[in-house]
Structures are given as C-alpha cells and as structure tokens.
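Asker:
2 protein chains.
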Amino acid sequence: MKNLSSEELKQSSLDDLNGTCEEIRKEIFETVSVCGGHLSSNLGVVELTVALCRVFDFPRDKIVFDVGHQCYAYKLLTGRADRFSTLRQEGGLSGFPKRSESEYDVYDTGHAGTAVSAALGIAKARDLKGEDFSVVALVGDGSFNNGLIYEALNSVRILQTSVLIILNDNGMSISPTVGGTKDILSEIKTGAGGAERDISLFERYGLQYMGVIDGNDLKETVSALSSAKEKLKTGSVLLHVNTQKGHGYPFSENAPDRTHGVSPDRKVKGAEEEYGKALGEELTALAEKDGRIVAVTAAMTDSLGLRPFFSAFPQRAFDVGICEEHASVLCASMAAAGMRPYYAIYSTFLQRAFDEIVHDVCGQNLPVTFCIDRAGISGADGETHQGVFDLSYLAPIPNLTIAIPKDVAEFRAMLRASADYGRPLAIRYPRCGKVCDRKEEIEFGKFEVLHSTMSNIVFMAAGERALTLAERVRERCLRNGKDFSVVNARFLKPLDETLLRSRKEKYVVTLEDNVAIGGLGEAIARYYRNSGKEIYCFAYRDEFIPHGEVASLAAKSGLNEEEIYRLVGELYARG
Amino acid sequence: MKNLSSEELKQSSLDDLNGTCEEIRKEIFETVSVCGGHLSSNLGVVELTVALCRVFDFPRDKIVFDVGHQCYAYKLLTGRADRFSTLRQEGGLSGFPKRSESEYDVYDTGHAGTAVSAALGIAKARDLKGEDFSVVALVGDGSFNNGLIYEALNSVRILQTSVLIILNDNGMSISPTVGGTKDILSEIKTGAGGAERDISLFERYGLQYMGVIDGNDLKETVSALSSAKEKLKTGSVLLHVNTQKGHGYPFSENAPDRTHGVSPDRKVKGAEEEYGKALGEELTALAEKDGRIVAVTAAMTDSLGLRPFFSAFPQRAFDVGICEEHASVLCASMAAAGMRPYYAIYSTFLQRAFDEIVHDVCGQNLPVTFCIDRAGISGADGETHQGVFDLSYLAPIPNLTIAIPKDVAEFRAMLRASADYGRPLAIRYPRCGKVCDRKEEIEFGKFEVLHSTMSNIVFMAAGERALTLAERVRERCLRNGKDFSVVNARFLKPLDETLLRSRKEKYVVTLEDNVAIGGLGEAIARYYRNSGKEIYCFAYRDEFIPHGEVASLAAKSGLNEEEIYRLVGELYARG
Chain A
27 MKNLSSEELK QSSLDDLNGT CEEIRKEIFE TVSVCGGHLS SNLGVVELTV
77 ALCRVFDFPR DKIVFDVGHQ CYAYKLLTGR ADRFSTLRQE GGLSGFPKRS
127 ESEYDVYDTG HAGTAVSAAL GIAKARDLKG EDFSVVALVG DGSFNNGLIY
177 EALNSVRILQ TSVLIILNDN GMSISPTVGG TKDILSEIKT GAGGAERDIS
227 LFERYGLQYM GVIDGNDLKE TVSALSSAKE KLKTGSVLLH VNTQKGHGYP
277 FSENAPDRTH GVSPDRKVKG AEEEYGKALG EELTALAEKD GRIVAVTAAM
327 TDSLGLRPFF SAFPQRAFDV GICEEHASVL CASMAAAGMR PYYAIYSTFL
377 QRAFDEIVHD VCGQNLPVTF CIDRAGISGA DGETHQGVFD LSYLAPIPNL
427 TIAIPKDVAE FRAMLRASAD YGRPLAIRYP RCGKVCDRKE EIEFGKFEVL
477 HSTMSNIVFM AAGERALTLA ERVRERCLRN GKDFSVVNAR FLKPLDETLL
527 RSRKEKYVVT LEDNVAIGGL GEAIARYYRN SGKEIYCFAY RDEFIPHGEV
577 ASLAAKSGLN EEEIYRLVGE LYARG
Chain B
27 MKNLSSEELK QSSLDDLNGT CEEIRKEIFE TVSVCGGHLS SNLGVVELTV
77 ALCRVFDFPR DKIVFDVGHQ CYAYKLLTGR ADRFSTLRQE GGLSGFPKRS
127 ESEYDVYDTG HAGTAVSAAL GIAKARDLKG EDFSVVALVG DGSFNNGLIY
177 EALNSVRILQ TSVLIILNDN GMSISPTVGG TKDILSEIKT GAGGAERDIS
227 LFERYGLQYM GVIDGNDLKE TVSALSSAKE KLKTGSVLLH VNTQKGHGYP
277 FSENAPDRTH GVSPDRKVKG AEEEYGKALG EELTALAEKD GRIVAVTAAM
327 TDSLGLRPFF SAFPQRAFDV GICEEHASVL CASMAAAGMR PYYAIYSTFL
377 QRAFDEIVHD VCGQNLPVTF CIDRAGISGA DGETHQGVFD LSYLAPIPNL
427 TIAIPKDVAE FRAMLRASAD YGRPLAIRYP RCGKVCDRKE EIEFGKFEVL
477 HSTMSNIVFM AAGERALTLA ERVRERCLRN GKDFSVVNAR FLKPLDETLL
527 RSRKEKYVVT LEDNVAIGGL GEAIARYYRN SGKEIYCFAY RDEFIPHGEV
577 ASLAAKSGLN EEEIYRLVGE LYARG
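Sequences listed follow chains A and B, in order.
Read in order, the letters of the first sequence correspond to residues 27 to 601 in the working numbering.
Read in order, the letters of the second sequence correspond to residues 27 to 601 in the working numbering.
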C-alpha cells in the first residue's frame, strides 16, 4: 500500500479510515504470510493504531509499544508502507520499533513490560526540559502480569508527570493470559460485582481510569482517545481497551495463540525437527516415572513444545504468565521442597531471571533444570531476541552445569540423564535441528570425540550450528586430503579437563553460537593458558546482531565458513 | 541468652513472653553493637516472631523471610541463641536465613521480593506430595514495591495452594517506602476513604485479607496469627501487620534508616573514606553545570551517598523504591529523551536489572552511567551480597564501557569525565578506600602505568583492593632488590590494546576483585592469546563466598598475597 501522510489521515472521514483499516489488515496479512512475523497481535490493533495516529501528532507526540509485536500498522502509517514488503528481511524493516529506523520510533522494545517505565521516563524528561507533547504507552494485558509494570505503576505518583497508558486487553499473551490480574481485568470488562473496586486499583496508583471501550470500533476509539488526550492535562490516564487478537481474520481470531507468530520457513524445512518437540516428549516420559518432575513456563507453553506435558500432567504443569523472575523462584523453592522443576524459556527472556538464577537457584545449589530454547542467533526478530549472551552470563555462576547438545538426540539424552542429576543445570539449544533419532546415553561433564586424527589441529565446537560448520570445513579439507580432529565440547561447565589434558594437537580451534566474550572459546583458552598450544576462537563479535536470515547473520557476525577454512589452510601450511 | 525450646515458648504465659521479647531485643541490640548487622528491622519484628513461634510449629511448618534482614529473633528462638554472639563473624551465624545453618531455615534470602514466590513453591510441593503443614512468608512493605511480589500474587489463583503472607508494614525500605503501593497501604492503615476498596486489591488476587493489627502487641498478634492459621484451611491469607521499625530503642525508632544497617568497623577505620561520599559530591557539582543530569536510586539514597544530590536537586533525583528493573528502564528512556541519568546501586542488586542493561540501555546505546557500589567482596552480609560477578555479567554486553577506579580520586575523575561521554558506562567500586584527594584527569579506555621496570614481569590489576595487593607484593620484592612493572588496568572494556601491545614483559600477572570466569584476567589472556606471553590470573574461585571479614575472605577465595608473592619468586627464578 502507499504511504499515507498524517494530514491525509487527519482529514479523511471515519468511513474512509475504516477502508484504510481493511487495507492495512490486508497488507499485514499478505506481508506476514511471506515474511513471517506477529500476525494476530498486529491484526488486533489496526483500528486502535489508526485512531492513535488520527488523534495524536506523531512524531511530536511519542508512543512506546510494549514488546513491540503490535507496531506493524503504526509502521504502515508512519512513512514505511513503501518498504513494508521488506519486513523482517535482512536490511529491511524490523518487526519491532527501532529508533534507528524512523524518527517515529522513540524507544526500542522486544521484551515485555518496559513500556510504562519508558513512557514515564520520556514524559519526565519532557517536563524537566519544559517541552510540551503527549506520551503514550500501548501495553497488552499479558504484560500486566509482568512485575516491571507494577514497579512502573508504583512510580506514577513519585514522578508526578503525565502519560497515557493504553491497556490493550485481548485476554492473550502468546498463550492465554493467566492469573489474578487477568481475573481483575475480566471482572472489569464484564462489569461484574467488583468492577468498581477493581478500577480503583488503577486510581490508587494515581491514574485516571477510562474504559472499557471497543478498540476494534474506530469511531468509539477515536473519541475515547480524544478525551484521554484532554485528561492528560491533569495527570496520567489509563485507557482500558478491549480488542480481539487476530481481528478480521476468522482463522486467526480462532487460533490467536498459533497465529501469534507466523514463520514461513517452518513449512519448507522438512528435514528439520524442533528441539521443543523433543522437550515435550522426553519430559512427559520422565514425569510418568518420576512424580517429582514439574514443568514451568512463562506464557509460552506451545512455542516451547510443552503442550504434551501440560495435557498429560495438568497438576504438575504451571504457566505463570510473563513472569520470568517469579518462575525461577517458584522452581527454586519447589526444588528446595523436593521436586525436580524444569523451567523452559527462550534464551533472551531468561536474561530477566539472571538474579534469581544466581541468588535463588545456584546460591542454594538446587536441582532446577533450565531448558533454554532459541539459543544462538534466532533470526528475523533481531537484536532483542538473539540468544547469543546466555553462555557468557551463565558461565560465572557457581554450581551451575551448562550443557550444549550437538543435536536433538543428544538433547534427549541430556534430558533423560537430568532427572537424577540433582544439581542446577542449564541446557541451551536452538529452535530447530536436523531430524535425528539416534538413541544414546550421556555423562555430564564429558566431551565427545567425533574425529580423532594424527593432524596438528583439533576443532572444539559446541552446539548444532557450530558442529555442523566444523563438519563442513572438514569435508572441504578431506577433499584436499587433509583432516583434523573434532571434539563435541558439549559442556561449558564443567569443562572436560581429562579430555583437554589428553589432546596432543598444537592448534585448537573453537566454534560456538554465542558472543566470544565469556564464552566457550575463552574457557578453553583459559584452560590451555601457558600450555604452548595456539588457540583460535570463532564466535560472535561484540555487537548487537540485527534481524535477518540465521545462517547469513551467523556468517557475518563471526561464524564464517570461509574464514575458518582459510585459517585451517594456514595452520596446515605452518604444520 | 540461653536457647529456648519451642515447648517452653508454647507453654509460657504471655507476660513471660513479653519478658522474652525484652530479652531478645537486648540480645539483638548488644550483639549488633559488636558484630554489626541489621538493627531497626530486627527490633521491629521481635513480638511478631515470638508470636509466630508460639502459634506455628517450626520446622514442621515453614517460614520464608523476605530479604532475610529480620530473622535475628527467629534465630534466637530456634536453637541458635548460644551461637548468636558469632553473628556475621567468619564461621559464625549468618545474618540471613541459611538452609546450611539450621533445619529451621527452609529458604535462603538476601535480595528483596522473593518470599511470596518461594512460599508458593514450597506450599505447592507440599500439596503435590500430599503433606500437611503451614507455609508463611514474612514480607516488608518495602518489598511490596518490587515487581517480583506482583508476579507472585498473580500466581496465587493459578497455583491453587495456601500460604500465609504477612505484610510487615513499617513504612520503610532502607529509605522510607515510596510510591503508589505505599499510599494504598497507608490508606488502609488510616482507614481512610478508599480503605475498603484497597483491601479488595488483595482479595482480587485470591487472598483472604486480615488486618491491620499491631505487630508490636504480642497478645493481639498471637490471636491474629491463630485465626489466620485457621483461615489457611480455606486458602491463602494476607495478614497486614503494622510494626515500628527499631521498636523499643528510641534512637533507632527515630532514625530507622540510619540504624537499618549498623557497621562497627565504620568507626575504627579513620584513614578510609567512602566512594559514596565522592559520588554525592561530584554528581552534585556536575549537575550544577549540566541540567541534563538526573540521579536514580532503588531505595538506597543514603547508603549510596546520594543525599547531597537529592537535597540540591529534588526535581532531578528519583528514589523509585526497590525496583531495580524499572529504575534501569527509567534511566534508559530519560537518556533516549536527552537526559544524562546516573543510576547508583549495589553490585549484587544490579543483577536484578541485567536484562534491562542489555535490552534497554546498551541495546539502544544510551548514555546511562551505572555507579556500582559494594563491588567485590562486601563482607559480613555473605553469599547474597558479594559483588563479585558484575565484571563477568557486564563484559559480554555490547556498547558498554566498564571502568574500575583504583581509588576515590580516580573515581571522581571518571565521574567528571562521564557527563560528556555519551555512551553506556558502568563504574564499579568498593564501599571504602584510602583517603585520597589527588586531582586528576582520565581518558576512557586508557590504562595507567604505575611502575615501569626492566623486569620480565608486569602486574595488571584493576580496582583498589587488587592494586593495593600488587603494591604490597612489590614492596616485599623491592626489599630483596627485585622489582616488576605495575599497570592500572582500569577499563575492562574497552581494553587498552595500545598499551597491551606495547608491553614487552614475558610474564603477565592479573589481579581483580571479581570471580575469575569472565573477568579481567580472561580478557587480558584473550588479548595475549598466541603471543608467547605467560599469563597468571588471580581472582576469586568459582564458588559462592560466605560472610566474614573482607580481607580474610579475599585471601581465602583467591586473592592471596602469599600465593602471589610465591609465584613472583618462581617467575624471577625462571627469568
């Protein structure tokens, strides 16, 4: 669709704008079908976004999108329609707000719960600088489970500024929203007994409450936003908006969870399987034998593969909502009381629970297993979703074992061995890997020698991406009659010092799907310090990795087959 | 005082127990005067704790102390009175709950906001195992600002178990409690207009609300706890208790913030000054010239030295309560809007904001300065308070500059240079250092050569503790006519590669007040990889460091003068 000037938007009739909404919806649907991305969340806020652009004056006024997975309509309406077909493609538009992309994007998001804090900060800076504009935070009800939101609400009275918080209530996180907050919100929506009292919850935090309005009704939303904008003169406002996730596309309306994120590649790669599928199957099998096993997730049951476990053991399966910190403490305490909790989560979101991993789980040396999905470069979601820091921030934590399976079969073996391991354990893995149905056993802390040769070179690589790369380089060398040893360095902690001690090769090449600083390469370099061996580390550079195609990003960021092949050539030459 | 059996406690009359309270109060006061520790928080809960031990049957019933800085009376009443004089001394009783110390301690704490999650986990495990006992969480109102508590409250209905949450409301964090939640609570206490509605906030989360009772009145508290215990049969309960922080000691009642933590050593070390004092002075001076500068703290204005800034610039100073995550996003967003935020916090508490440092501050490359106090071994508070991980978890974050001043003068210079630096900056420093009033300039990313010699050995050390140690070892060597070079490696990121490249010494010895994994030594070893130099790293071992005297703990944990001196001797011998 063509770019729409904010003048056009402000001048057109509401009828025309309803047409614009249909156009936007169509554009989003068609683009996401090709590029992948967040579908249902974006379809749900089309009218709301059009109304926002009609009532407010962006970029003079500022808007912060919580999580940012609902900003497509906003991008289409703020001069990016002509580039929208490049959505989530390398070098194209980001699927999230990006200050580097447009002056209309004032704050980058990707993780849940930051928008109210961010809006308050922008508004406070405005006050201190004596400027005058409106600041809006658009937040889903799923994020209202996240503790960060309450820390921000607690500050509304402290900061004495004015922001408009739009609570976009569609009853969904990626999974349906759960818990007490959700009950409070639905009570308000249904106007049930306590509605009045529930509303006062927001008023107590210093917010003027407005709502509930139908956010898929353009007319109603425009007028509500207009009066909200007025109210901002006397302080902060919470506008409670009811929207339908996936609105306008029945199949998405009916399966908002499965259409939350749509991934085109999913279909094409028939030779791949998801690690999450293995997690669901193995954990369910383990739980049948072991009553101590419980599973915890922070609003991502399906995308982590836990559905089978939740179906088989509803009493031992807990979706606590977007509460990464609480989920960790819940696991630690259940472990302290004799259970064997498994906490499945994406690598990037586990960053939220760093303190609880240190303070609660490892500080008490408790048998919690972290199943860390989407580790390494996760691709099209970009900077805020790459799982390339976990090895580095987990390595310094005492008592923690860190495992990096080389493929799904090894992941299954690690899970089977984990139940009786009895210590804090982190297993990190990518979303997909080659189909792999080997059956094997694993011993914690033991590396695996994949190829042992007489050459002077040994590759030590961890994880499927790195080992696949090592094998590809080796195949090219074999064609020239050259060979090198390959070790599956599947434990960052503890390192297999027995194996490391035994290696005779002069040149050690490390490969990992993580930033170089604090990763596997450094750990191996530390071990071989002053040993006379030469160490060459391939990992990601010290920079944030944008969105794009996984293999291509990996090659650009430091895991580059040509560079590695070239190095090996030099090493052969030096002998 | 002598150990009291739970039988004695249950059989004695309330009058006798009031006597016991006075005894306990006296014991706490006298012990803390000698050993240091948390005074006002412990004095406030004496009656409450006696009542808990009277009504509940520990260790069969379980109690989790949020933060854990109010567990002294509990320790005195659970078989540890005879050892209480060893409080916070190396090898003695911990100042916090410790599972390793007593079966009466079921969950270790130290950081705020974990108790409700932990109690829910323990209770849920109990249900799944078909056991029968009560679980209590004792939480201060300060922690009710922390997001983790709301994530836990949101789970009360999800987990369908039963816990007793005691809200110990004394109106204080370390600083007075601030924000909307506090207003809600005081409204309940004063029975003001909205009290009824405020109470419903807790009921909405699935809690039966009881209160407000006077937690310093033994009789009233015993009967309230008894009925709360009954109510637990039908679900979770929130008992709102009003206590007076420092109760029983007027000077502590009147200055609960300054008597929150009492430190005996403070007096004796006349030759030392606090880095926090320098922070307050420099930041205030900078702010007079630069209107962009704002200061943010999470409930620790005084202990961080920010009082002068808060007095001079109340409009630009923000205490947001115990909300480490929100404080980071607030800083990031104010920076995005053109301000220059300084976020002062203890090293161990900054762990709570790890994701926000990555996702909000560094992901957007925003000019936020983290002033990280209590870095390194902080001593008597033990495992949960040592600041020995920060270099490791900060190092892998792109865009972040990490500075480690060698003394207060250098810290002041770094602060003066920071305002115009315009990038994410972390400055980490211990609580105290030698009095030091040199005036100097600093260039970011440049090391400082303290001694350049013709020897084969160079020490690269960061921070006051490490450099002092280097100097001590050097003085001993000088007495034997030996010398070595010393470099002040004051930036972990960026490393001063120009200087590193220029060093000719064969032996490089690194020293740092942080765990070895992911620290300065590894960064320098990484740089010198394959250079032929030999690298020897002194830092803390991969284990949690208990409570004790700072220098002694450091020596035991890996920064040991004798070991270093011995190594240097060997290196001289090898030439």
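Ideal placement from N, C-alpha and C gives every residue a C-beta, glycine not left out.
Between the stretch 419-436 of chain A and chain B, which residues of the former have CB atoms less than 9 Å from a CB of the latter, in chain order?
Answerer: Going along the stretch 419-436 of chain A in chain order, one finds Tyr419, Ala421, Pro422, Ile423, Pro424, Asn425 with a Cβ nearer than 9 Å to chain B.
Asker: Taking CB distances under 8 Å as the criterion, tell me whether Lys530 (chain A) reaches chain B.
Answerer: Under the Cβ distance rule, Lys530 (chain A) does not count among the residues neighbouring chain B, no pair being separated by less than 8 Å.
Asker: Tell me Tyr533 (chain B)'s beta-bridge partners as DSSP assigns them.
Answerer: B:Ile483, B:Glu560
Asker: Establish whether the CB of Ala325 (chain A) and some CB of chain B are separated by less than 8 Å.
Answerer: no
Asker: Taking a cut of 8 Å between CB atoms, which residues from the stretch 162-194 of chain B lie near chain A?
Answerer: Asn171, Asn172, Gly173, Leu174, Ile175, Tyr176, Glu177, Ala178, Leu179, Asn180, Ser181, Val182, Arg183, Ile184, Leu185
Asker: Starting from Ala362 (chain A), find everything on chain B with Cβ-Cβ shorter than 9 Å and list it in chain order.
Answerer: Within chain B, the residues near Ala362 (chain A) are Arg125, Val132, Tyr133, Asp134, Ala144, Gly147, Ile148, Ala151.
Asker: Look at Arg114 (chain A) and His573 (chain A) and say whether their C-beta atoms are less than 8 Å apart.
Answerer: Yes, the Cβ-Cβ distance between Arg114 (chain A) and His573 (chain A) is below 8 Å.
Asker: Taking the alpha carbon of Gly459 (chain A) as the point to measure from, which residue in A:Ala297, A:Cys388, A:Asn514 has its own alpha carbon closest?
Answerer: Of A:Ala297, A:Cys388, A:Asn514, the residue nearest in Cα terms is A:Ala297.
Asker: Can you tell which of B:Phe485, B:Asn171, B:Asp240 has the C-alpha that lies nearest to the C-alpha of Gly347 (chain B)?
Answerer: B:Asn171
Asker: Report back the beta-carbon spacing between Phe485 (chain B) and Val535 (chain B) to the nearest angstrom; my notes put them in contact at under 8 Å.
Answerer: 5 Å
Asker: Under the three-state reduction of DSSP, which class applies to Gly147 (chain B): helix, strand or coil?
Answerer: helix
Asker: Kindly indicate which residue of B:Glu213, B:Asn586, B:Leu305 has the alpha-carbon position closest to the one of Val434 (chain B).
Answerer: Selected option, being the one with the closest Cα: B:Leu305.
Asker: Which residues in chain B sit within 9 Å of Leu35 (chain A), going by Cβ to Cβ distance?
Answerer: Chain-order list of chain B residues neighbouring Leu35 (chain A): empty, with the shortest C-beta distance near 25 Å, by a criterion of under 9 Å.
Asker: As a quick exercise: from A:His352, A:His137, A:Glu351, A:Asp131, pick the residue whose alpha carbon is nearest that of Val355 (chain B).
Answerer: Closest by C-alpha distance to Val355 (chain B), out of A:His352, A:His137, A:Glu351, A:Asp131, is A:His137.
Asker: Mind the definition here: the stretch 189-200 of chain A touches the stretch 267-286 of chain A only if three or more C-beta pairs lie below 8 Å; say whether that holds.
Answerer: Proximity of the stretch 189-200 of chain A to the stretch 267-286 of chain A meets the contact definition, three or more beta-carbon pairs being nearer than 8 Å.
Asker: Under DSSP, the alpha helix (DSSP H) around Met236 (chain B) begins and ends at which residues?
Answerer: No alpha helix (DSSP H) contains Met236 (chain B), which is instead part of the beta strand (DSSP E) from 234-240.
Asker: Is it buried or exposed for Arg600 (chain B), if we count other Cβ within 10 angstroms and need 16 for buried?
Answerer: exposed
Asker: Give every residue of the same chain whose Cβ lies closer than 6 Å to the Cβ of Gln96 (chain B), excluding the five residues on either side of it in the sequence, and list them in chain order.
Answerer: A distance below 6 Å between beta-carbons, with the five flanking residues on each side excluded, links Gln96 (chain B) to the following residues of its chain, in chain order: Ser67, Asn68, Val71.
Asker: What separation, rounded to the nearest whole angstrom, lies between the Cα atoms of Val84 (chain A) and Tyr130 (chain A)?
Answerer: A small fix is needed here, since residue 84 (chain A) is Phe in this sequence, not Val. Rounded to the nearest angstrom, the two C-alpha atoms are 6 Å apart.
Asker: Roughly how many angstroms separate the alpha carbons of Ser444 (chain B) and Lys315 (chain B), rounded to a whole number?
Answerer: 13 Å
Asker: With a threshold of 8 Å between beta-carbons, can Thr260 (chain A) be considered close to chain B, or not?
Answerer: no
Asker: Under a CB-based cut-off of 8 Å, is Lys155 (chain B) close to chain A?
Answerer: yes
Asker: When you compare the CB of Val294 (chain B) with every CB in chain A, is at least one pair closer than 8 Å?
Answerer: Note that Val294 (chain B) has pLDDT 45, beneath the 50 cutoff, so the model's placement of it is unreliable and the number below is only indicative. Output row for Val294 (chain B): interface = no.
Asker: By the three-class DSSP mapping on this structure, what secondary structure does Gly173 (chain B) have?
Answerer: helix
Asker: Pick out whichever of B:Phe91, B:Glu308, B:Cys61 has its Cα sitting closest to the Cα of Leu74 (chain B).
Answerer: Residue B:Phe91 is the option with its Cα nearest to Leu74 (chain B).
Asker: If you measure from the beta carbon of Cys97 (chain B) to each beta carbon in chain A, is any gap under 8 Å?
Answerer: no
Asker: Between Gln341 (chain A) and chain B, is the shortest Cβ-Cβ distance under 8 Å, so that the two count as touching?
Answerer: At least one C-beta of chain B is nearer than 8 Å to the C-beta of Gln341 (chain A).
Asker: Closest to Glu588 (chain A) by C-alpha separation, out of A:Ile543, A:Asn242, A:Ala496, would be which residue?
Answerer: A:Ala496
Asker: For a test of the three-state rule: what should DSSP assign to Tyr368 (chain B), helix, strand or coil?
Answerer: If DSSP states are grouped into helix, strand and coil, Tyr368 (chain B) belongs with the strands.
Asker: Pick helix, strand or coil for Cys462 (chain B), following the three-state DSSP scheme.
Answerer: It is coil, neither helix nor strand.
Asker: Please report the distance separating the alpha-carbon of Glu560 (chain A) from that of Gly547 (chain A).
Answerer: 12 Å
Asker: In whole angstroms, give me the CA-to-CA distance for Thr285 (chain A) and Phe277 (chain A).
Answerer: Roughly 9 Å between the two C-alpha positions.
Asker: Name, going along the chain, the residues of the stretch 539-554 of chain B whose beta-carbon falls closer than 7 Å to a beta-carbon of chain A.
Answerer: Residues Val541, Ile543, Gly544, Glu548, Ala551, Arg552.
Asker: Give me whichever residues DSSP pairs with Asn514 (chain B) in a beta bridge.
Answerer: B:Glu474, B:Ala487
Asker: At what residue ranges does the stretch 381-436 of chain B contain a whole run of the beta strand (DSSP E), taking only runs of 3 or more?
Answerer: 395-399, 427-429
Asker: Is Gln390 (chain B) close to chain A, meaning its C-beta is less than 8 Å from at least one C-beta of that chain?
Answerer: yes
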